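Participant:
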Ligand SMILES: [Mn+2]
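In this note's numbering, the protein residues as written are 71 to 453.
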């Protein structure tokens, strides 16, 4: 608390301190003079005051009082801040010290649920050649490369299934053969870029597929369900004959030949489509298979999704399904209500011309879980 006496006291001390400081640089004679002067000043502080001195002391007193209140306010503010920081700090300490937790046990593989694996093979175009320079250096393909990619597809189907079998029991593989395994000669242009004529190409394709099915049988205990669809490329007519497409397709003959080759194998069941669509119930999931060429898409900005969803809505009026699975567009696209398959041939002049999204060679693979429905989606990269 500031008082007049305290101000005098402080003032007197200032005078003494200053005098002492000065004295260090003075001669003994000068110090005597300084001492007398200092005594006089101090006496003056504590005794007679002029009116103007009193006024200025009063002003100092008032100023100091104001300062005191300001300091008090600031001090209280700081106190409140400290209290808040302490509270924050103690809640952080609470979090750091907290011990609550529980143990998560690993799920034992195989026992909990079961699923069916679905692998989709389509758009292999095995005898068609893709030269690097025709696709801006993005792809190269010939019969040898086709065989390599086809083998890789079957190897990965087995490997992926084996991997998934660690978590879920899988006894059945749906191997969907959705057409366009060859390019044929449906366009005059294909005559110059295909290394084999259509029938010979079909025999090669049959060899690739038979080898693959045998590989799966020999390297797993899976039972195979094989839906078969003709593509638009295997037709022997200049245009697609919509009502007699199967009878005019080399692939239809190939599928029947394959079916006969595995006739004695109880683990293999072929379902050769007689029309554009075929249907398969996998647990509660209804799947509609087709090649995909009756979807009309001209490169709209929404991509495949818009025309596909329009077509699905129409087809669902006849037979409602949960999922459409098709190829033809050489673009892998796994969505909730449809899976568009990629191709084995990869990016080619056709993909450029239909303005398909650029895609590397891949084929679709997914699981249909007994309880969850379609669950794991894993594209098979074949290049
Ligand atoms: Mn096609």
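Even glycine gets a Cβ: it sits at the ideal position worked out from N, Cα and C.
Note that the structure is a prediction, hence the values are computed from the model and not measured.
Under DSSP, the alpha helix (DSSP H) around residue 405 begins and ends at which residues?
Facilitator: No alpha helix (DSSP H) contains residue 405, which DSSP labels as neither H nor E.
Participant: Measure the alpha-carbon distance for residue 53 versus residue 194 and round it to whole angstroms.
Facilitator: Residue 53 falls outside the range modelled here, since the chain spans only 71 to 453, and no answer is possible.
Participant: Is residue 443 close to ligand 1? I mean its beta-carbon at under 8 Å from any heavy atom of the ligand.
Facilitator: no
Participant: Taking just the CA atoms, how far does residue 115 sit from residue 92?
Facilitator: 20 Å
Participant: Here's a check: name, in chain order, each residue in its chain whose Cβ is nearer than 8 Å to the Cβ of residue 310, leaving out the five neighbours to either side.
Facilitator: When the five nearest sequence neighbours on each side are left out, the beta carbons in the same chain lying within less than 8 Å of the beta carbon of residue 310 are those of 302, 363, in order along the chain.
Participant: When DSSP labels each residue in this structure, what does residue 363 get in the three-state scheme?
Facilitator: Per DSSP, reduced to three states, the secondary structure at residue 363 is coil, with no helix or strand assignment.
Participant: Determine whether the beta carbon atoms of residue 285 and residue 241 lie at a separation below 9 Å.
Facilitator: no
Participant: Using 8 Å for Cβ pairs, my map puts residue 337 next to residue 294. What's the rounded Cβ distance?
Facilitator: 6 Å
Participant: Could you tell me which whole beta strand (DSSP E) segments of length 3 or greater appear in the stretch 210-258?
Facilitator: Taking only runs of at least 3 residues, the beta strand (DSSP E) segments lying wholly in the stretch 210-258 are 239-247.
Participant: Between residue 347 and ligand 1, is there a pair consisting of the residue's CB and a ligand heavy atom that are separated by less than 8 Å?
Facilitator: no
Participant: Is it right to say residue 262 is buried, meaning 16 or more other beta carbons lie within 10 angstroms of its own, or is it exposed?
Facilitator: exposed
Participant: For residue 288, which of helix, strand or coil comes out of DSSP?
Facilitator: helix
Participant: Could you give the first and the last residue of the continuous alpha helix (DSSP H) run that contains residue 137?
Facilitator: Judged by DSSP secondary structure, residue 137 falls within the alpha helix (DSSP H) whose first and last residues are 121-167.
Participant: Buried or exposed for residue 125, going by 16 or more other Cβ atoms inside 10 Å?
Facilitator: exposed
Participant: Hey, residue 227 and residue 189: beta-carbon distance below 9 Å or not?
Facilitator: yes
Participant: Would you kindly report the start and end of the unbroken beta strand (DSSP E) that includes residue 293?
Facilitator: 293-298
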